[in-house]
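Asks: Going down the list, the protein sequences come from chains L and Y.
Just so we're aligned: the first sequence equals residues 208 to 781 in my numbering.
Just so we're aligned: the second sequence equals residues 71 to 303 in my numbering.
By construction, the Cβ of each residue, glycine as well, lies at the ideal position given by its N, Cα and C atoms.
If you scroll down you'll find the structure; I have some questions about it.
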Amino acid sequence: MYHSYDAVIVGAGGAGLRAALELGRSGSVAVLSKLYPTRSHTGAAQGGIGAALGNVEEDLWEWHMFDTVKGGDYLTDQDAAEVLAQEAVEAVYQLEHWGLPFDRTKDGKIAQRPFGGHTHHFGQGPVRRSCYAADHTGHMILQTLYQQCLRHNVRFFDEYHVLDVLIHDGVACGIVAYQVLTGEIHTFRAKTVLLATGGMGRMFRITSNAHALTGDGPAITLRRGIPLEDMEFFQFHPTGIRKMGILITEAVRGEGGILLNDRGERFMERYSPTLLDLAPRDIVSRAIYLEVRHGLGIGGKDYVYLDASHLGRDVVETKLPDIADFCRTYLGIDPAVEPMPVQPTAHYAMGGIPTDVDGRVIIDDANTAMPGLYAAGECACVSVHGANRLGTNSLVDLVVFGRRAGQDMARYIGKNDFVTLPAEPDCEACDEVERLLGETGSERVADIRQELQDVMMDDVGVFRVEEQMKEALSKVAELKARYRSVALDGKSKRFNTELLEAIELGYLLDVAEVTAASALARKESRGAHSREDYPERDDDNWLKHTLAYQTEEGVELKYKPVSITRFEPKPRTY
Amino acid sequence: MNVTLKIQRFNPETDDKPHWEEYPVEVEPSDRLLDALHHVKWYQDGTLAFRRSCAHGVCGSDAMTINNVNRLSCKVLMRDLGARVTVEPLRGFRIVKDLVVDMEPFFEKYRSIKPYFINYDPDPPTERYQSQEDRERYDDTTKCILCAACTSSCPSYWGNRDFVGPATIVQAHRFIFDSRDQGANERLEILNDRNGVWRCRTIFNCTGACPREIKITQAIGEVKKLLLFNRMV
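Take a look at the structure:
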């Protein structure tokens with residue numbers, strides 16, 4: 208089936224929905240999502256949305272910008288960080304005007320609390336910048352944006368899985384998607400396409416990410432010859448529930464929770480004497496790994512304890528109710544009484560589809576934008592998070608850059624006509640679907656996926672070293688070859704989730720390959736990318752963004768400069 | 071531990087009607103039922119269809135009837151289920167395939183009560199103020215994740231599919247009792263209907279089914295009182 212819209216948005220999380228709201232009166236908009244919109248992973252975010260409102264204490268957007276740049280270990284594009292910090296304030300007020308139920312201060316203003324890496328006066332001490340709604344801020348943001356989309360009659364195509372992005376003569380012109388219910392393939396002609404498909408944590412064995420997060424947008428872009436930026440920078444959040452990866456928010460440590468090893472030692476004293484357990488996430492994750500490596504994990508195993516029992520029941524029940532629920536439900540543990548077993552969990556992709564500050568996709572190292580193609584949210588790389596993202600900055604990223612992408616799309620729609628689609632636009636997507644359905648090989652999706660997740664977690668995880676990354680890269684190549692022999696149990700087209708998992712596995716293999724290749728090439732440690740063979744940051748040679756292309760001969764790498772405006776790179780100490 | 075999952079299967083393309091299939095699985099007591107379902111799908115029968123995403127109880131994708139109780143499959147642990155576990159799709163909705171039901175009627179009813187913030191005054195330059203007490207007033211019903219466990223556990227809904235259902239009323243309640251919202255009367259008018267709040271018989275199945283522990287029956291009662299006595303309770 209064929210459709211035609213001025214704007215097609217793929218992904219109905221915070222960024223996609225915010226862009227849809229911006230486009231409202233500028234033309235026809237369709238939002239495609241492989242899940243019902245309210246299932247999007249924005250809804251799992253807990254901590255808060257960071258903006259320099261200054262409701263509880265003095266705060267300035269310049270300080271927020273600085274924290275973002277330093278938090279990103281100076282790989283952050285400063286023009287992007289400036290936009291983020293400046294527009295965050297208006298973005299938060301806009302959410303409140305749309306009804307978002309923020310927690311309140313005693314005088315009725317939006318309440319704010321401290322969070323890792325957010326400081327006043329350019330690093331002098333913590334500042335209350337995180338605006339929150341209980342401990343499910345993401346749920347509130349997702350619901351509020353979806354509600355507004357309903358109010359404005361945004362057209363949704365629910366449970367449509369994206370297969371391809373269409374480009375003709377260097378101009379984006381549409382999307383091909385699989386209607387999950389019927390198996391029918393739909394082609395959407397569009398003047399503008401926005402990819403807002405979220406993260407790709409499912410390439411790792413232990414992740415906080417939903418099953419749906421398989422790098423769909425980045426993979427289809429990569430397959431069309433567009434590079435992905437900074438893929439080697441993947442954040443591992445230090446405190447995921449052991450083996451499950453479910454996130455235990457940083458706010459636990461913010462309230463006074465501490466990390467303990469097998470000897471009951473507060474080991475962060477040795478790794479970060481000043482910030483202790485509230486050191487940036489990459490630093491804490493590395494500390495946990497090192498303790499485990501030295502045999503100091505609990506019972507000699509691969510995890511440590513997060514202890515909040517000294518905080519008292521009152522604090523746990525009122526300030527941390529959701530994580531108390533997770534602990535009781537999944538561990539049978541009452542965090543007011545017992546410590547929680549935690550280990551690093553793959554959490555956030557700093558890298559992704561390269562864009563400028565208006566969401567336009569950049570296709571080379573000369574910052575050339577592709578007309579009509581946009582990306583926003585976690586799947587994009589502006590780069591506003593650099594080598595490491597601060598907590599609460601993702602929710603801001605969604606609404607600020609989602610809005611800007613929507614605005615630029617509206618401008619573009621007003622000035623441009625539709626472009627002719629390539630002949631038989633859906634043929635490549637159809638062919639791949641038919642191939643998967645018809646394959647009679649001996650491989651199973653689950654096996655290949657498990658092996659991928661294991662090698663990425665072990666060899667391209669928190670600590671990286673040359674030999675292991677090389678092995679990972681060749682393992683991924685082997686898995687890609689075996690992927691050609693994946694056979695499915697069911698050949699039906701109606702609601703065939705096995706087929707969709709196979710397609711998603713293809714995406715994961717592609718993004719994993721560029722992740723491993725980018726990581727192998729970067730011979731320094733910066734932010735979340737930590738190499739035991741190159742433990743220092745090397746600004747002279749590596750203060751630049753990676754661009755990874757998928758080619759016939761493997762991954763090809765190029766580099767482009769970082770935008771540096773206000774803050775000269777300095778050593779990152781806290 | 072060894073467990074047998076008895077799962078209701080139905081593929082409308084090939085089956086006349088739903089039927090039971092049994093799958094033996096080896097699980098840890100701490101595994102989620104969702105993990106066991108995945109084990110069946112990934113290693114025994116890839117055709118098993120079910121929705122899921124976050125796997126930790128916040129997205130609402132995987133509500134189903136487990137040992138006759140509506141739960142999210144990712145929030146139930148195998149240790150709490152016993153050696154034989156029955157898994158069926160949510161009741162009261164047309165089955166699309168296996169454990170996947172048609173959610174359209176559910177979302178249609180949700181949309182019908184204007185589930186969005188309504189305020190006709192111009193936006194202030196900063197936030198609208200709201201006291202902590204006013205914020206607390208509607209806190210419970212803001213937690214709804216639209217999983218449909220409540221509506222599909224409701225005998226009044228089973229008896230009459232035109233009933234808007236508990237979730238719809240919860241969503242309306244969230245705005246009616248939000249001090250900043252001005253659309254209470256519009257929504258109350260819609261709910262003041264035989265198939266609105268008045269179909270509710272205070273059975274409490276919804277409250278029992280809600281994975282977010284929202285006091286649904288109480289919220290419905292508050293809306294009814296508002297309609298009867300025309301004052302906020």
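Within a Cβ cutoff of 6 Å, which residues of the same chain sit near D423(L), ignoring the five residues on either side of it in sequence?
Replies: Contacts found: V369, T404 and Y714.
Asks: For the region 385-405 of chain L, list every residue whose C-beta sits within 9 Å of some C-beta in chain Y, in sequence order.
Replies: Within the region 385-405 of chain L, the qualifying residues are L388.
Asks: When you compare only the Cα positions, how much space is there between H375(L) and T758(L)?
Replies: Rounded to the nearest angstrom, the two C-alpha atoms are 19 Å apart.
Asks: Starting from K167(Y), follow its DSSP beta bridges and name the residues at the other end.
Replies: Beta-bridge pairing links K167(Y) to V170(Y).
Asks: In this structure, does DSSP put M134(Y) in helix, strand or coil?
Replies: The answer is strand: DSSP assigns M134(Y) an E or B state.
Asks: Counting only beta-carbon atoms, is C166(Y) nearer than 9 Å to chain L?
Replies: The residue asked about is misnamed: residue 166(Y) is Val in this sequence, not Cys. Yes - at least one Cβ of chain L is within 9 Å of the one on V166(Y).
Asks: Taking Cβ positions, are H554(L) and G408(L) nearer each other than 9 Å?
Replies: Yes, the Cβ-Cβ distance between H554(L) and G408(L) is below 9 Å.
Asks: Taking 9 Å as the CB-CB limit, is C129(Y) close to chain L?
Replies: Closer than 9 Å to some Cβ of chain L, the Cβ of C129(Y) qualifies, so yes.
Asks: For Q350(L), collect the residues of the same chain with a Cβ closer than 8 Å to its Cβ; drop the 5 residues on either side in sequence, then sort them by chain order.
Replies: Cβ within range, chain order: T245 and G250.
Asks: Taking contact to mean 3 or more Cβ pairs, one atom from each stretch, closer than 8 Å, check whether the region 276-295 of chain L and the region 447-458 of chain L are in contact.
Replies: With the cut-off at 8 Å, the region 276-295 of chain L and the region 447-458 of chain L do not touch.
Asks: Examine the Cβ distances between the region 281-299 of chain L and the region 590-606 of chain L and report whether three or more of them are shorter than 8 Å.
Replies: Taking 8 Å as the limit for Cβ pairs, the verdict is that the region 590-606 of chain L does touch the region 281-299 of chain L.
Asks: For K760(L), which option in N416(L), D437(L) and A724(L) has the closest C-alpha, if you only look at C-alpha atoms?
Replies: The sequence as given places Glu at residue 760(L); Lys does not occur at that position. The shortest Cα separation from E760(L) among N416(L), D437(L) and A724(L) belongs to A724(L).
Asks: Run through DSSP, which three-state label would E265(L) get?
Replies: Residue state, collapsed to three classes: coil.
Asks: Roughly how many whole angstroms lie between the Cα atoms of A214(L) and G223(L)?
Replies: Between A214(L) and G223(L), the C-alpha separation is close to 11 Å.
Asks: Can you check whether the C-beta of G223(L) is within less than 9 Å of a C-beta belonging to chain Y?
Replies: No, G223(L) does not count as interfacial toward chain Y.
Asks: Mapping DSSP to helix, strand and coil, what is W305(L)?
Replies: If DSSP states are grouped into helix, strand and coil, W305(L) belongs with coil.
Asks: Whole angstroms are fine: how far does the CA of F299(Y) sit from the CA of S182(Y)?
Replies: Distance between the alpha carbons of S182(Y) and F299(Y): 24 Å.
Asks: Which value, in whole angstroms, describes the spacing of the CA atoms of V303(Y) and Y353(L)?
Replies: Only weak support exists for where V303(Y) lies, its pLDDT of 47 falling under 50; the coordinates are left without a value.
Asks: Given that H126(Y) touches chain L, what residues does it touch there, using C-beta distances under 7 Å?
Replies: Simply I453 and F533.
Asks: Which residues in the same chain as R161(Y) place their Cβ atom closer than 7 Å to its Cβ, once the five residues preceding and following it in sequence are excluded?
Replies: So the list reads T135, S222 and W228, once near-sequence residues are dropped.
Asks: Rounded to the nearest angstrom, what separates M438(L) and R733(L) at their Cα positions?
Replies: If you take the alpha carbons of M438(L) and R733(L), they lie about 13 Å apart.
Asks: How should P480(L) be labelled, buried or exposed, when 16 other C-beta atoms within 10 angstroms of its C-beta is the threshold for buried?
Replies: By the neighbour-count rule (16 or more Cβ atoms within 10 Å), P480(L) is not buried but exposed.
Asks: Going by beta-carbon coordinates alone, are E650(L) and S692(L) separated by less than 9 Å?
Replies: Going by C-beta atoms, E650(L) is nearer than 9 Å to S692(L).
Asks: Using a Cβ cut-off of 8 Å, which residues of the region 223-243 of chain L contact any Cβ in chain Y, in chain order?
Replies: Residues L242 and Y243.
Asks: In this structure, how does DSSP classify S226(Y) when only helix, strand and coil are distinguished?
Replies: Of the three classes helix, strand and coil, the one that applies to S226(Y) here is helix, per DSSP.
Asks: Kindly say whether V170(Y), judged by its beta-carbon, lies nearer than 9 Å to any beta-carbon of chain L.
Replies: V170(Y) counts as touching chain L.
Asks: From the DSSP output, which residues share a beta bridge with H393(L)?
Replies: In DSSP, H393(L) forms a bridge with A384(L).
Asks: Give me, in chain order, the residues of the same chain whose beta-carbon lies closer than 6 Å to that of G598(L); leave out the 5 immediate sequence neighbours on both sides.
Replies: Same-chain partners within the cutoff: G254, F322, G323 and E457.
Asks: DSSP beta-bridge partners for N92(Y)?
Replies: According to the sequence provided, residue 92(Y) is Glu. The question's Asn does not apply to it. Answer is K76(Y), bridged to E92(Y).
Asks: Measure the CB-CB distance between T722(L) and V662(L) and report whether it falls below 9 Å.
Replies: Cβ atoms of T722(L) and V662(L): not closer than 9 Å.
Asks: Taking C-alpha atoms, which residue in L75(Y), F274(Y) and E178(Y) lies nearest to K111(Y)?
Replies: The shortest Cα separation from K111(Y) among L75(Y), F274(Y) and E178(Y) belongs to L75(Y).
Asks: Where DSSP assigns a beta bridge to F441(L), which residues make up the other side?
Replies: Bridge partners of F441(L): A556(L).
Asks: In chain order, what residues of the same chain lie with their CB nearer than 6 Å to the CB of Y619(L), ignoring the 5 residues before and after it?
Replies: Only T399 meet the Cβ criterion.
Asks: Which word fits T428(L), buried or exposed, when buried means at least 16 other C-beta atoms lie within 10 angstroms of its C-beta?
Replies: Buried, since its Cβ has 16 or more Cβ neighbours within 10 Å.
Asks: Quick one: complete beta strand (DSSP E) runs, 3+ long, within the region 403-481 of chain L?
Replies: Complete beta strand (DSSP E) runs here, min 3: 441-448 and 465-467.
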